[in-house]
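J.: As you go down the protein sequences, you meet chains S and X in turn.
For the first sequence, position 54 matches number 54 in full-length UniProt numbering, and the numbering has no gaps at all.
For the second sequence, position 52 matches number 52 in full-length UniProt numbering, and the numbering has no gaps at all.
The beta-carbon is built from N, C-alpha and C at its ideal position, and this holds for glycine as well.
Number of protein chains: 2
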Amino acid sequence: MEPTKKHDVFQAIADKTRRDVLRLLAEKKELPISAIAAHFPISRTAITKHLNILAEANLVQSRKSGREKIYHLHPEPLTELKQWLSFYERFWENKLSILKHVVENEYPPTFVTIGGFFCLHLPRH
Amino acid sequence: MEPTKKHDVFQAIADKTRRDVLRLLAEKKELPISAIAAHFPISRTAITKHLNILAEANLVQSRKSGREKIYHLHPEPLTELKQWLSFYERFWENKLSILKHVVENEYPPTFVTIGGFFCLHLPRH
DNA sequence: ATCATATGAAACCTTTAGGTGTTATGTAAA
DNA sequence: TTTACATAACACCTAAAGGTTTCATATGAT
Numbered sequence: 001m002e003p004t005k006k007h008d009v010f011q012a013i014a015d016k017t018r019r020d021v022l023r024l025l026a027e028k029k030e031l032p033i034s035a036i037a038a039h040f041p042i043s044r045t046a047i048t049k050h051l052n053i054l055a056e057a058n059l060v061q062s063r064k065s066g067r068e069k070i071y072h073l074h075p076e077p078l079t080e081l082k083q084w085l086s087f088y089e090r091f092w093e094n095k096l097s098i099l100k101h102v103v104e105n106e107y108p109p110t111f112v113t114i115g116g117f118f119c120l121h122l123p124r125h
Numbered sequence: 001m002e003p004t005k006k007h008d009v010f011q012a013i014a015d016k017t018r019r020d021v022l023r024l025l026a027e028k029k030e031l032p033i034s035a036i037a038a039h040f041p042i043s044r045t046a047i048t049k050h051l052n053i054l055a056e057a058n059l060v061q062s063r064k065s066g067r068e069k070i071y072h073l074h075p076e077p078l079t080e081l082k083q084w085l086s087f088y089e090r091f092w093e094n095k096l097s098i099l100k101h102v103v104e105n106e107y108p109p110t111f112v113t114i115g116g117f118f119c120l121h122l123p124r125h
C-alpha cells in the first residue's frame, strides 16, 4: 500500500524552526544542510529532521552536489494553505481589503478617478 | 510571569480535527460542546481539549448559557496566517494573479481600458 | 594515501499530543 | 426534591515530536 505521506503542509509549518528554515531558504535561494544548521542553535541532526518533514510536505526540494545536499524552497504546496484560508476570509475581511491586499503585497498601483469610477492602474509585467 | 500562551494559530490548525471543528463552527455559527462532539468519532473529552487549544489561539470564543458552553468561530487570528503566507506568494504567484484573486474571491469587478490604462472598477460597498 | 568535512543512520531521552475512562459539580426539568 | 444532563477535572495511556550523542560512510582536498 502507498506509504501515506506522514506530514502535510499544515503540520510542516506548525513548528517555528521549520518556518524559519523556509524563510531562510526564501532569502538565500539554496543552501546545504550545514549552512542551514549554522543559523540555528540546535544540532545539525535536528535540522536534518526538520528538513525531512519539510520535504515530506514538498515545501523544500534538494539536489546533491558532491558531498553536499543542497536544499531550496518549493513554495507550491502553500497554495493548499491559501485555499484553506480563503474560505475563512469572508468571515473577517471587508471589501476594502481588496485594495489593502493590492497595496500591501504588490507594486504600488496607480489610483485614478474617472467619471465616477474608482479605478486602480495595474502595471503590466 | 505571564502564563505564555502555549498554542499559536499555526499549531492550532495543524490538526485535522481542529480544522474540522473550525469549519463546523463557520457553518453552524454557534454550538455547545456536546453538539460539536456529536459530529466526530472521538470522545467529548477529546473535543473539549481541542476546543481549549483553539481557544488558546483565540480562534474560537465561548459563552455560557445555563449548563451549556456555546462556542463560536473567531477568525481574526487567521490574519496572522494570511500575513505569513503573503510573504511567500511572490515566490509562486505571477502578477496576473492579482486579477485572479479579485475575480475569484470578490464580487465580479468591471474592467475598462482608458487611454492605455488597464483598469478595473471596484464596486463600493 | 591520508585527512578533513558533509551527511546518514541509529540509539536514546524527555515532553507533548491526542486519546481514553471515571468521578464530581452545577443546572434544568420532572 | 429527585433525576437527567452538560460540562469540568482528574488520572492515565501510547505514540509521536523534538531534541541529543555517537558512529559510519562518502567525497574533496593535501
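Going by DSSP in three states, residue 76 (chain X) sits in which element: helix, strand or coil?
T.: In the structure shown, residue 76 (chain X) sits in coil (DSSP, three-state: anything other than H, G, I, E or B).
J.: Residues in its own chain within less than 7 angstroms of residue 25 (chain X) by CB, not counting five upstream and five downstream?
T.: Once the five neighbours on either side are set aside, the close Cβ partners of residue 25 (chain X) are 31, 60, 71, 72 and 73.
J.: How should residue 42 (chain S) be labelled, buried or exposed, when 16 other C-beta atoms within 10 angstroms of its C-beta is the threshold for buried?
T.: By the neighbour-count rule (16 or more Cβ atoms within 10 Å), residue 42 (chain S) is not buried but exposed.
J.: Residue 25 (chain S) by DSSP, collapsed to three states: which one?
T.: Residue 25 (chain S) falls in the helix class under three-state DSSP.
J.: Please list the terminal residues of the continuous alpha helix (DSSP H) segment that includes residue 49 (chain S).
T.: Segment 44-56, the alpha helix (DSSP H) holding residue 49 (chain S).
J.: Excluding five sequence neighbours on each side, which residues of the same chain lie with their C-beta closer than 7 angstroms to the C-beta of residue 56 (chain X)?
T.: Correct list, in chain order: 5, 6 and 7.
J.: Excluding sequence positions up to five away, which residues of its chain have a Cβ less than 7 angstroms from the Cβ of residue 47 (chain X)?
T.: Once the five neighbours on either side are set aside, the close Cβ partners of residue 47 (chain X) are 33, 36, 37 and 40.
J.: Quick check: is the beta carbon of residue 80 (chain X) nearer than 7 angstroms to any beta carbon in chain S?
T.: Not an interface residue.
J.: Which stretch, first to last residue, makes up the beta strand (DSSP E) that contains residue 32 (chain S)?
T.: Residue 32 (chain S) -> beta strand (DSSP E) spans 30-32.
J.: Quick check on the DSSP output: the alpha helix (DSSP H) that includes residue 12 (chain X) runs from which residue to which?
T.: Run containing residue 12 (chain X): 9-12, per the alpha helix (DSSP H) assignment.
J.: With a threshold of 7 angstroms between beta carbons, is residue 56 (chain S) in contact with chain X?
T.: Judged by the 7 angstroms Cβ criterion, residue 56 (chain S) is not in contact with chain X.
J.: So, is the C-beta of residue 88 (chain S) closer than 7 angstroms to a C-beta in chain X?
T.: Taking Cβ atoms only, chain X reaches closer than 7 angstroms to residue 88 (chain S), which makes this a yes.
J.: Consult DSSP for residue 67 (chain S) and reduce its assignment to one of helix, strand or coil.
T.: Three-state DSSP puts residue 67 (chain S) in coil, outside helix and strand.
J.: Out of X:51, X:63 and X:29, which has the shortest C-alpha to C-alpha gap to residue 18 (chain X)?
T.: Considering only alpha carbons, the answer is X:51.
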